[in-house]
Amino acid sequence: MGLSSSLTTTVVVALVLVTMFGSAYSGNFFDEFDLTWGDHRGKIFNGGNMLSLSLDRVSGSGFKSKKEYLFGRIDMQLKLVAGNSAGTVTAYYLSSQGATHDEIDFEFLGNETGKPYVLHTNVFAQGQGNREQQFYLWFDPTKNFHTYSIVWRPQHIIFLVDNLPIRVFNNAEKLGVPFPKNQPMRIYSSLWNADDWATRGGLVKTDWSKAPFTAYYRGFHAAACTVSSGCDPKFKSSFGDGDVQVANELNAYGRRRLRWVQRYFMIYNYCSDLKRFPRGFPPECKRSRF
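Using full-length UniProt numbering, the first residue of the sequence shown is number 1, and each one after it goes up by one.
Structural data, given as structure tokens:
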């Protein structure tokens with residue numbers, strides 16, 4: 001498949017997603033998000049088109065969306081902490097609240113200057129997580145903005161980086177595995193110190209002489225159902241088998257890119273951790289086909 005053909009297919013898929021979800025918009029940070037902690041360390045600027053979070057020795061910072069979402073596609077462009085980011089974590093995720101909360105995670109684990117970030121992903125359902133996959137990125141995420149996306153449907157969750165799929169988590173409720181599909185979730189992000197575990201298991205500590213550490217955000221876009229505005233009630237029942245839907249949503253090019261990322265850039269997969277699961281892998285691991 002040629003490059004022009006691939007780009008055309010990607011555009012068509014994006015348009016289909018917008019059509020299916022109905023409500024698609026590029027949000028102004030003033031309108032869409034609240035700075036929730038960190039005092040002056042979180043800032044919205046450039047007319048609401050940019051947001052930054054900072055971390056110093058005293059505190060980190062964070063924000064959350066004003067809206068709650070129940071299925072959709074969420075895109076955000078991030079430029080991560082540059083230089084020696086060891087010990088820092090930039091988290092960008094969807095989450096509900098409470099002991100049985102659902103959550104879909106991107107977490108960016110900082111590293112020493114010149115060494116790659118670790119992109120940590122996880123899925124929680126009914127308060128249970130432990131479904132981690134980790135990746136190195138094929139670019140420097142501190143030099144420019146890159147787009148990190150979550151596609152959340154009743155049948156599956158797809159994680160994408162610059163519109164390339166890196167992970168698919170299928171609904172395996174038929175196997176007794178809980179799946180996040182009933183609890184609305186807000187978008188959250190935070191920049192915080194985790195030098196007790198984040199970099200090489202806590203061996204490398206945060207160098208506070210390099211503070212403040214700052215991450216930047218722009219390009220928020222949502223094609224999603226919201227609790228406040230709702231969506232077509234046909235949406236939740238309009239999909240067939242989850243694996244079939246993934247096959248339709250990820251064209252042949254997308255599936256090849258997914259395999260490429262997982263082959264060359266995945267550094268941890270809970271579904272292949274024999275030490276962690278000596279008596280057999282979780283049932284959803286057997287259903288992973290892409």
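Heads up, the beta-carbon is just placed ideally off N, CA and C, and yes, glycines get one too.
All values derive from a computational prediction rather than experimental measurement.
With fewer than 16 other Cβ atoms from the protein chains shown falling within 10 Å of its own Cβ, F45 counts as exposed.
For N49, the three-state secondary structure derived from DSSP is coil. Checking the DSSP bridge columns, you'll see D75 partnered with S149, H221.
Excluding five sequence positions before and after L53, the CB atoms of its chain that fall closer than 6 Å to its own CB belong to G42, S61, L191, A215, given in chain order.
Listed in chain order, the non-local C-beta contacts of L35 below 6 Å within the same chain comprise G42, F63, local neighbours out to five positions each way being set aside. Inter-segment contact for the stretch 198-206 and the stretch 68-81 is absent: fewer than three beta-carbon pairs are separated by less than 8 Å.
CA-CA distance, Y188 to R256, rounds to 31 Å. According to the DSSP assignment, L258 belongs to the alpha helix (DSSP H) that extends over 252-264. The beta carbons of F135 and D102 sit no closer together than 8 Å.
For T142, same chain residues with a beta-carbon under 7 Å away, outside a window of 5 residues either side, are K79, L80, V81, A82 in chain order. DSSP places D31 in the uninterrupted alpha helix (DSSP H) bounded by 29-32. Taking D39 as reference, the option from D56, L94, F29 with the minimal CA-CA separation is D56.
For E68, there is no enclosing beta strand (DSSP E), since its DSSP letter is neither H nor E. Here E68 has P184, R186, V227 as same chain residues with Cβ atoms under 6 Å from its own Cβ, once five neighbours each way along the sequence are excluded. Contact annotation: E32 and L175 have beta-carbon atoms that are not nearer than 8 Å.
A125 is bridged by DSSP to Q128.
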